[in-house]
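Chemist: Once you've had a glance at the structure underneath, I'll fire off some questions.
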Amino acid sequence: MPDLPTPQDAAEAALFSECWDAVLSYADLCTSGSLTANQLATEAFTLGMREARDADFTPVRSSGRRAARLPMIPLLLTAVRNTAAAWEAAGLGHKLDPDLRLWLNSEKAARYTGPPLQRPVALRGLRDMQDADASLLWLAEVEALPLSSVARRLGLDPAVAAQELEQVRALFRDRCHRAHLDTPMAAECRSYARLLDAVTRSSAADTPEDLSRHLATCVQCAEAAACLRLHGGGLPAALAGGVIGWGGLAYLERRRRAAEVRLGTARPAIADNDGAEVKEGGGRGKVLRHGLLGAAVLISLVALGVSMMPMGGGTGDDTATASHDDRQPVADPTAAVPSADPTGKQSASASAAPSSSATAGKPAHKNSDPEPQGTSSATASTGGHHATASASPTAPGAVTCQVSYDLVNQWTDGFQSTVTVTTSQALSGWRVQWSFRDGQKVTQMWDATVSQDGGQVTADAADYNQSVTANGTLSFGFLGTWSGRNSEPYAFTLNGDSCSLS
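Residue numbering for the sequence shown follows this note's numbering, starting at 19 and increasing by one per position.
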């Protein structure tokens with residue numbers, strides 16, 4: 019296993035400290051244990067830093083703009099993915115997560131390294147932005163850092179950081195729109211391109227039925243829709259899934275958990291400045307390599323470990339189980355953590371760490387698939403980021419509701435669906451429940467947190483979509499497994515009241 023590269027100066031040493039935590043977090047998702055996670059992270063970090071340094075020495079274009087390159091953290095994360103692919107090719111695939119191995123040997127993985135014009139729109143759009151703009155977007159949307167921390171890290175004026183972020187979002191949308199138009203596409207996709215641009219500009223715009231059907235079957239257009247629709251909270255998922263690929267949603271959830279830990283608990287003094295500076299002493303200009311990296315690794319492991327712990331405490335058995343296998347999908351029903359329930363019980367919420375009760379007698383399963391992320395973003399509600407705690411319904415009285423269940427896609431042993439609920443009353447929190455007839459299991463969910471007990475599935479509002487206006491709609495999507503039959507679910511309820519199925 020190679021050593022980490024030596025920082026060239028104090029600024030690069032600070033960069034190492036900032037990025038190692040993210041690289042280790044994703045490497046842990048990709049591997050079968052902590053030791054292999056450290057090995058993968060180290061190799062990928064070395065590869066990514068070499069790529070970044072080579073790009074810095076590449077002569078600029080005639081326009082004076084640097085060659086297109088991802089900002090540092092996503093560049094290193096793609097290096098993790100590429101290193102994992104190299105392991106698989108070299109016969110070291112047994113060290114990787116089984117689901118990642120399947121993905122690496124599929125056409126989905128080939129899209130991220132194949133012809134540039136056929137790569138995901140989010141990847142091309144982010145790469146085409148200036149480094150400062152792309153870094154601001156990634157740190158704020160995917161790493162979930164407070165704007166004040168992002169502003170300090172990038173040398174921005176905190177007073178105008180929010181305004182700059184809005185401008186950068188619009189710039190990203192423009193780059194993604196151009197990338198989508200440049201993509202080789204079928205005539206039908208080309209005919210919808212302008213309409214797709216128009217309906218994603220405003221939250222008040224309705225999606226025509228024919229376009230909605232097209233987005234439910236076309237991966238490329240669905241991914242583009244997720245990137246073009248800036249409202250609705252779906253941008254983080256579109257970025258993570260489109261740039262990282264496999265495990266994008268799970269990584270997104272881990273980073274949000276880690277950000278909450280950093281904000282909500284005391285941290286070692288070295289992390290007080292959010293990694294913006296690393297100093298060894300008042301009069302020293304150099305940073306000792308091993309001391310710095312050792313501290314960075316220690317802090318990363320602490321933050322990573324806490325971010326994978328069930329929220330709200332737990333027993334020693336819970337901690338032991340989390341240590342045993344913490345590479346779960348964002349909303350896998352086998353990866354449950356305690357969360358508030360309006361009935362006074364404990365329900366399962368999306369987490370990266372399984373509880374002992376959820377995993378007893380059954381191996382953990384993970385399905386981090388980037389393609390349904392893009393599709394769900396367009397057909398449900400833009401595939402927003404995941405919350406760590408379930409919403410508690412508070413609307414009193416009976417609610418008249420109507421449910422639309424759409425089977426978006428189905429394959430040999432899996433499927434993707436969206437659920438849309440129309441409610442006659444305003445809600446400040448919601449819970450949707452239904453039952454499967456044929457033993458289907460939900461493996462991943464977005465725009466809601468999931469738990470499942472036998473055939474009954476419970477979807478609780480995420481923290482960003484709890485409020486629903488009167489006569490408004492709520493929607494979420496999920497992936498599931500099936501065997502034999504995959505009939506439509508039944509007995510839908512909203513906050514305990516029966517809904518009609520349209």
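Yeah, the Cβ is synthetic: ideal placement off N, Cα and C, and Gly gets one too.
Taking Met2 and Ala479 to be in contact with their CB atoms under 8 angstroms, please state how far apart those CB atoms are, rounded to whole angstroms.
Modeler: Residue 2 lies beyond the residue range present for the chain, which begins at 19 and ends at 520; the question has no answer from this structure.
Chemist: Taking all protein chains shown into account, do 16 or more other C-beta atoms lie within 10 angstroms of the C-beta of Ser446, making it buried, or fewer, making it exposed?
Modeler: Residue mapping note: residue 446 aligns to position 428 of the sequence shown, counting from 1. By the neighbour-count rule (16 or more Cβ atoms within 10 Å), Ser446 is not buried but exposed.
Chemist: Go ahead and pull the three-state DSSP assignment for Tyr482.
Modeler: In the sequence shown, residue 482 corresponds to position 464, counting from 1. Looking at Tyr482 - three-state DSSP - the assignment turns out to be coil, as it is neither helix nor strand.
Chemist: Check whether the Cβ atoms of Gly143 and Arg193 sit closer than 8 angstroms, and answer yes or no.
Modeler: Here the question's residue 143 lines up with position 125 in the sequence shown. Here the question's residue 193 lines up with position 175 in the sequence shown. Contact: yes.
Chemist: How should Gln57 be labelled, buried or exposed, when 16 other C-beta atoms within 10 angstroms of its C-beta is the threshold for buried?
Modeler: Stepping through the sequence shown from its first residue, residue 57 is reached at position 39. The residue is buried, with at least 16 neighbouring Cβ atoms inside 10 Å.
Chemist: Under the DSSP definition of a beta bridge, which residues are partnered with Val439?
Modeler: As a first step, residue 439 must be located in the sequence shown, where it is residue number 421. Looking at the DSSP assignment, Val439 forms a beta bridge with Val421, Leu492.
Chemist: So, helix, strand or coil for Ala108, using DSSP?
Modeler: Residue mapping note: residue 108 aligns to position 90 of the sequence shown, counting from 1. Residue state, collapsed to three classes: coil.
Chemist: Contact defined as beta carbons within less than 8 angstroms: I believe Ala55 pairs with Leu42. What is the distance between those atoms, to the nearest angstrom?
Modeler: Looking up residue 55 in the sequence shown gives position 37. Looking up residue 42 in the sequence shown gives position 24. Yes, Ala55 and Leu42 are in contact; Cβ-Cβ is about 7 angstroms, under 8 angstroms.
Chemist: Measuring CB to CB, does Gly260 end up less than 8 angstroms from Leu141?
Modeler: The sequence position of residue 260 within the sequence shown is 242, counting from 1. The sequence position of residue 141 within the sequence shown is 123, counting from 1. Against a cut-off of 8 angstroms, the Cβ pair of Leu141 and Gly260 comes out as a contact.
Chemist: Give me, in chain order, the residues of the same chain whose beta-carbon lies closer than 7 angstroms to that of Gln458; leave out the 5 immediate sequence neighbours on both sides.
Modeler: Against the sequence shown, residue 458 aligns to sequence position 440. Result list for Gln458: Gly498, Thr499, Trp500, Asn504, in chain order.
Chemist: Distance check for Asp456 and Asp336, CA to CA, integer angstroms please.
Modeler: Numbered from 1 along the sequence shown, position 318 holds the residue referred to as residue 336. Numbered from 1 along the sequence shown, position 438 holds the residue referred to as residue 456. Reliability fails at Asp336, whose pLDDT of 38 lies under 50, so the model's placement of it is uncertain and the value that follows must be treated cautiously. Looking at the two C-alpha atoms, the distance is approximately 31 angstroms.
Chemist: Would you mind working out which of Gly490, Ser469, Ala102, Leu174 sits nearest Gln451, comparing C-alpha positions?
Modeler: The residue given as residue 451 occupies position 433 in the sequence shown. Selected option, being the one with the closest Cα: Ser469.
Chemist: Beta-carbon within less than 6 angstroms of Ser534's beta-carbon, same chain only, minus the 5 sequence neighbours each way: which residues are those?
Modeler: This structure cannot speak to residue 534, because the chain is shown only from 19 to 520.
Chemist: Over what stretch of residues does the beta strand (DSSP E) that includes Lys113 continue unbroken?
Modeler: Sequence index remark: in the sequence shown, residue 113 carries index 95 (1-based). Where Lys113 is concerned, there is no enclosing beta strand (DSSP E), given that its DSSP letter is neither H nor E.
Chemist: Quick check on this structure: which residue in Ala188, Ala234, Arg191, Ser221 has the alpha carbon closest to the alpha carbon of Cys207?
Modeler: Here residue 207 is taken as the residue at index 189 of the sequence shown, counted from 1. Nearest C-alpha to Cys207: Ala234.
Chemist: Roughly how many whole angstroms lie between the Cα atoms of Leu270 and Ser209?
Modeler: Here residue 270 refers to the residue found at position 252 of the sequence shown. Here residue 209 refers to the residue found at position 191 of the sequence shown. When rounded, the distance between both Cα atoms is 33 angstroms.
Chemist: With DSSP as the reference, please indicate the residues paired to Gln451 in a beta bridge.
Modeler: As a working mapping, residue 451 is identified with position 433 in the sequence shown. Gln451 is bridged to Thr476, Thr511.
Chemist: Taking buried to mean at least 16 other C-beta atoms within 10 Å of its own C-beta, is His112 buried or exposed?
Modeler: Locating residue 112 in the sequence shown gives position 94, where the first residue counts as 1. Result: exposed.
Chemist: What does a CB cutoff of less than 7 angstroms around Gly502 pick up in its chain, not counting 5 residues either side in sequence?
Modeler: Here residue 502 refers to the residue found at position 484 when the sequence shown is read from its first residue. Excluding sequence neighbours, Gly502 sits near Asp456.
Chemist: For the pair the region 420-427 and the region 512-520, tell me if three or more CB-CB distances fall below 8 angstroms.
Modeler: A contact exists between the region 420-427 and the region 512-520.
Chemist: Do you know offhand how far Gly415's Cα is from Leu120's?
Modeler: Working through the sequence shown from its first residue, we reach residue 415 at position 397. Working through the sequence shown from its first residue, we reach residue 120 at position 102. Because Gly415 carries a pLDDT of 47, less than 50, the predicted location of this residue cannot be relied on, and no value is offered for it.
Chemist: In angstroms with no decimal places, state the Cα-to-Cα distance between Ala268 and Asp465.
Modeler: Taking the first residue of the sequence shown as 1, we reach residue 268 at position 250. Taking the first residue of the sequence shown as 1, we reach residue 465 at position 447. Rounded to whole angstroms, Ala268 to Asp465 spans 13 angstroms at the Cα level.
Chemist: What does a CB cutoff of less than 7 angstroms around Gly173 pick up in its chain, not counting 5 residues either side in sequence?
Modeler: Here residue 173 refers to the residue found at position 155 when the sequence shown is read from its first residue. Excluding residues within five positions, none has a Cβ falling inside 7 angstroms.
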